[in-house]
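Remarks on the structure that follows.
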Amino acid sequence: MNAPSKTPEILTIGSVLWDVIGRAASHMRMGSDVPGRITRLPGGVAMNIAMTLTRFGQTPALLTAIGEDSQGSELMESARQLGINTDYVYRSADLPTDRYMAIEGANGLIAAIADAHSLEAAGDKILRPLSDGRLGSMESPYTGSIALDGNLTRTLLENIATSALFAQADLRVAPASPGKADRLHPFLNHTRATLYVNLEEAGLLCQHSFDTAELAAKGLLARGARRVLVTDGGKQACDGSAEGLVTACPPEVLVTRVTGAGDTFMAAHIVRESRGAPREDALKAALQAAAIYVSGGTPL
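Written out as structure tokens, the structure reads:
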């Protein structure tokens, strides 16, 4: 086994796959057939977060499952070229590399399908570096930051929430999509977890509809959450904790893409806080980074 190329400053655990995105400049509805552009880029929540972290000068490491097929090897090389540590990735000869396909129009995300079955099938194999001494062990658990996404199975997320391997880590958790928001229930009462959700995901976790991010943050805190970051597209976002609520509005921009915006927000927020920024400054900086991203730019 080769020695790790560089000690990671943060771990990103979850989906790493190929994003196949079709984008059209026109409004779309069911059955629309319009001209546009189709791209294939490295994606997945864990990958999107890692890519943004590298742009801010951090060295993240991926904990995920990638197939030993040609698409997997290409994905691994793309990650390395971006400055992401891939030394701890679980490679499988039996599982294909995962994929995500989405259609976006001028009116936002139209539809998407996430084929992340290999990540789910790999299960806790992706976490071995945290227990075998490479990144930590039961006697000496990992103490850094971890960005965790909800594409893992419900059972694995439940195990992570109670495992001693994660007891000393700064856990930053995102559901990956509204359809997987309920998988985060084990982290609602976790003493070291910060949840990153949008308004819809907050409502699903609380089984209640909220009109604003501030109300959603209050609802999650009432449910036992230690800390939450709630976003609402172009509307006001909220950072809620026992210290109080902090709100900010994102800049107004022309939206050209949406897939990966939440991951960009989360990564930018983690970086700002790691550099000692106050809560209000970190929230504003994360919203600015997400706005730059959705407008087609590259946040730095």
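If you read the sequence shown in our numbering, its first letter stands for residue 1, the second for the next number, and so on.
Even for Gly, the Cβ is constructed at its ideal location relative to N, Cα and C.
Treat the numbers as computed from the prediction; the structure is a model and nothing was measured.
Could you work out which residue in the options is closest to residue i when comparing CA atoms only?
| i | options | result |
| --- | --- | --- |
| Arg227 | Glu243, Arg40, Ala116 | Glu243 |
| Arg172 | His269, Pro129, Ala222, Leu82 | His269 |
| Arg91 | Ala111, Met101, Ile103, Thr64 | Thr64 |
| Ile126 | Leu53, Gly83, Asp87, Ser78 | Asp87 |
| Arg223 | Gly234, Thr194, Leu188 | Leu188 |
| Leu205 | Ser295, Ala193, Pro178, Arg192 | Pro178 |
| Thr52 | Gly83, Leu245, Gly31, Gln207 | Gly83 |
| Gly262 | Met47, Ala193, Thr212 | Met47 |
| Gly31 | Ala111, Arg80, Ser73, Gln207 | Ala111 |
Would you call residue i buried or exposed, if buried means 16 or more other Cβ atoms sit within 10 Å of its Cβ?
| i | result |
| --- | --- |
| Val34 | exposed |
| Arg275 | exposed |
| Pro251 | exposed |
| Asn2 | Note on Asn2: pLDDT 45, under 50, position unreliable in the model; no value is reported. |
| Arg183 | buried |
| Asp132 | exposed |
| Arg99 | buried |
| Arg279 | buried |
| Ser209 | exposed |
| Gly219 | buried |
| Asp232 | buried |
| Ile103 | buried |
| Lys235 | exposed |
| Ala282 | buried |
| Ala25 | exposed |
| Ala324 | There is no way to answer for residue 324, as the model of the chain reaches only from 1 to 300. |
| Ala93 | exposed |
Which same chain residues end up closer than 7 angstroms to residue i when comparing Cβ atoms and leaving out the 5 residues on each side of it in sequence?
| i | result |
| --- | --- |
| Pro8 | Thr59, Pro60, Ala61, Asn85 |
| Leu156 | Gly123, Asp124 |
| Met138 | Ser131, Ala164, Leu165 |
| Asn107 | His27, Met28 |
| Ser5 | Interpretation of Ser5 is limited by its pLDDT of 48, a score under 50 that renders its predicted location unreliable; the figure taken from the coordinates is listed afterwards. Once the five neighbours on either side are set aside, the close Cβ partners of Ser5 are Asn85, Asp87. |
| Ala121 | Leu95 |
Can you name, in chain order, every residue of its own chain whose Cβ lies under 6 angstroms from the Cβ of residue i, other than the five neighbours on each side?
| i | result |
| --- | --- |
| Ala289 | Thr264, Ala268, Pro299 |
| Gly240 | Ala217, Leu221, Val228 |
| Phe56 | Val271 |
| His117 | none |
| His190 | Ala161 |
| Ala147 | Thr12, Ile49, Arg172 |
| Ser78 | Pro42 |
| Met101 | Val20, Ile113 |
| Val255 | Val294 |
| Ser145 | Ile10, Asp170 |
| Gly260 | Asn48 |
| Ala286 | Phe265, Ala268, His269 |
| Arg192 | Leu171 |
So residue i packs on residue j, CB below 8 angstroms; how close in whole Å?
| i | j | result |
| --- | --- | --- |
| Gly14 | Leu109 | The Cβ separation is near 19 angstroms, so there is no contact. |
| Ile66 | Val20 | About 16 angstroms; that fails the 8 angstroms criterion. |
| Gly150 | Pro175 | 4 angstroms |
| Arg23 | Gly36 | 5 angstroms |
| Val230 | Val197 | 6 angstroms |
| Cys238 | Glu273 | Going by Cβ atoms, the distance from Cys238 to Glu273 rounds to 16 angstroms, so no, they are not a contact pair. |
| Ala225 | Val253 | Between Val253 and Ala225 the Cβ distance is about 29 angstroms, and since that is not below 8 angstroms, they are no contact. |
Beta-carbon within less than 8 angstroms of residue i's beta-carbon, same chain only, minus the 5 sequence neighbours each way: which residues are those?
| i | result |
| --- | --- |
| Asp69 | Pro96, Thr97 |
| Lys284 | Ala248 |
| Thr162 | Pro186 |
| Tyr142 | Leu11, Leu130, Leu135, Gly136, Leu165, Phe166, Gln168, Ala169 |
| Trp18 | Arg40, Leu41, Pro42, Gly43, Gln71, Leu75, Thr97, Asp98, Arg99, Tyr100 |
| Asn159 | Asp124 |
| Asp115 | Leu17, Asp98, Arg99, Tyr100, Met101 |
Please tell me whether, using a cut-off of 6 angstroms, the distance from the CB of residue i to the nearest non-hydrogen atom of the ligand NAP is below it.
| i | result |
| --- | --- |
| Gln207 | This structure simply doesn't include the ligand NAP, nor any ligand for that matter. |
Note down, one range per segment and in chain order, each beta strand (DSSP E) of at least 3 residues found wholly within the segment 121-205.
145-149, 170-174, 193-198
If we require 4 or more residues per run, which alpha helix (DSSP H) segments fall completely within the segment 44-77?
45-55
Quick one: complete alpha helix (DSSP H) runs, 4+ long, within the segment 234-290?
261-274
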